[in-house]
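Asker: All residue numbers for the sequence shown refer to numbering that gives the first Met the number 0, where the first residue is 0 and numbers rise by one.
Here you go, one structure.
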Amino acid sequence: MKKEEVGHPFIPTNLNSDVYLAQLDRLEAAIKAKHPRKKNHIVFHHDNARPDVEGRVFQSIKEWNLLELPPYSPTEAPTDYHVNRSLKNWQMGKVYNDLDELVADIKV
């Protein structure tokens, strides 16, 4: 696979910083409404890999009690392990001649 094919257009990019900031605002409002006394006791675990965090999002997150972890920490298991395992099992034994075949098979 060529390096420029990593960001292939079949992968949706529907979560941008505006959507993420709105989700953080809704989360904060829900915490204040449902658990007003726990606002200062909730620790936010965020994937703090620097290339993935846009400036406005990072500024908003700094207001939370943030659990800092090193980016791509080898001691942390990926949160989507079950997805990767399922994909591995589904893809076992399949061979693709090019990227288009893979994309077509995934979209089915």
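We put the beta carbon where it would ideally sit given N, CA and C, even for glycine.
Between the Cα of I60 and the Cα atoms of P35, A21, W89, which residue gives the shortest distance?
Answerer: Considering only alpha carbons, the answer is A21.
Asker: In this structure, how does DSSP classify N64 when only helix, strand and coil are distinguished?
Answerer: Residue state, collapsed to three classes: strand.
Asker: Quick test of your reading: L101 and Y95, contact by CB under 8 Å. State the CB separation rounded to the nearest angstrom.
Answerer: That belief holds up - the Cβ atoms of L101 and Y95 are roughly 4 Å apart, short of 8 Å.
Asker: DSSP state of P50, grouped into three classes?
Answerer: Confidence in P50 is poor, its pLDDT being 43 and thus under 50, which makes the residue's placement unreliable; the coordinate value appears in the next sentence. Helix at P50.
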